[in-house]
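For reference, the structure is listed below as structure tokens.
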Amino acid sequence: DTGVSQDPRHKITKRGQNVTFRCDPISEHNRLYWYRQTLGQGPEFLTYFQNEAQLEKSRLLSDRFSAERPKGSFSTLEIQRTEQGDSAMYLCASSGDGGWVEAFFGQGTRLTVV
Amino acid sequence: AQSVTQPDIHITVSEGASLELRCNYSYGATPYLFWYVQSPGQGLQLLLKYFSGDTLVQGIKGFEAEFKRSQSSFNLRKPSVHWSDAAEYFCAVGARVNAGKSTFGDGTTLTVKP
């Protein structure tokens, strides 16, 4: 296992289109996180899964955003009706269970909405 | 609510000089603290972490950080900077029951002069 994998690495889309990103976590990790990072800012937490259950969603996750992890392995993040303000780097991370574990991040998906 | 402040947006040091990046946090209990490094267009790589115990922690690439509870600080240091250290550095505080869900500072960009 080479770490957290995200696909695609880059996505350019027109405003109003829907986009979907995929994240494959480290195989033995039960927890999966999505973060968003805009230019000049640190990553901001969006949501996290424990296995297939989505346990927490940030207020940043508007109704146009939906995340799934159907079999507790890979996850998808979909953005519907994209807006220019959605342009950002979307980072996925995974970790093991428990409090004393850090998250390992993927390379991210850079979304540009034109 | 937890928060992280990185007071220095941009730091420039000469190659071979020492480095200290500042981080102040706000958290209601003993925090879990992290330093990550990010190269342009890339994901985050964990440099080091503090969960408990010895307040001076060693990380990868010759970095270390010291947790000072009285000052709510977790500053990152390196005795001799290499040109390859040029990157953006993020300090983060993790939730006590789920350290993977972290609050990040806005980062410090490090430039290394030859």
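Those sequence lines, one after another, are chains A and B. The opening position of the first sequence corresponds to residue 637 in the working numbering, with each subsequent residue numbered one higher. The opening position of the second sequence corresponds to residue 4 in the working numbering, with each subsequent residue numbered one higher. The beta-carbon is built from N, C-alpha and C at its ideal position, and this holds for glycine as well. In this text, all values refer to a predicted model and were calculated from it rather than measured experimentally.
1) For Leu24/B, which residues from the same chain have a beta carbon less than 6 angstroms from its beta carbon, with the 5 sequence-adjacent residues on both sides left out?
2) If we call anything under 7 angstroms between Cβ atoms a contact, is Ala95/B one with Leu113/B?
3) Quick one: residues in its chain with C-beta nearer than 7 angstroms to the C-beta of Thr17/B, no 5 flanking neighbours on either side, listed in chain order?
4) Give the residues of chain B in contact with Gln677/A, contact being defined as C-beta atoms less than 7 angstroms apart.
5) Classify Arg695/A as helix, strand or coil using the three-state DSSP reduction.
6) Could you check whether the Cβ of Lys104/B sits closer than 7 angstroms to any Cβ belonging to chain A?
7) Going by beta carbon distance, what residues of the same chain come within less than 6 angstroms of Thr748/A, once the five residues before and after it are set aside?
8) For Val750/A, does the count of other Cβ atoms within 10 angstroms reach 16, so buried, or fall short, so exposed?
9) For Phe717/A, collect the residues of the same chain with a Cβ closer than 6 angstroms to its Cβ; drop the 5 residues on either side in sequence, then sort them by chain order.
10) Residues in the region 684-712 of chain A with C-beta within 8 angstroms of chain B's C-beta atoms, listed in sequence order?
11) Check whether the Cβ atoms of Ser83/B and Gly19/B sit closer than 7 angstroms, and answer yes or no.
12) Give the secondary structure of Leu74/B by DSSP, where H, G and I count as helix, E and B as strand, and everything else as coil.
13) Any beta carbon of chain A sitting closer than 7 angstroms to that of Phe93/B?
14) Going by DSSP, what residue range makes up the beta strand (DSSP E) through Cys728/A?
15) Using the Cα positions of Leu47/B and Gln642/A, report the straight-line distance between them to the nearest angstrom.
16) Whose Cβ in chain A lies nearer than 7 angstroms to the Cβ of Gln61/B?
17) Residues in the same chain with beta-carbon distance under 6 angstroms from Ser702/A, minus the five sequence neighbours each way, listed in chain order, please.
Let's see:
1) Leu79, Tyr92, Thr111
2) no
3) Residue identity differs from the one stated: residue 17/B is Ser in this sequence, not Thr. Lys116.
4) Asp109
5) coil
6) yes
7) Ile648, Ser723
8) exposed
9) Per the sequence shown, residue 717/A should be read as Arg rather than Phe. Contacts found: Gly652, Arg700.
10) Tyr684, Glu692
11) yes
12) As written in the sequence, residue 74/B is Gln, which differs from the Leu given in the question. Helix at Gln74/B.
13) yes
14) 724-731
15) 13 angstroms
16) Near Gln61/B there are no residues of chain A at all, since even the closest Cβ is about 15 angstroms away, more than 7 angstroms.
17) Glu714
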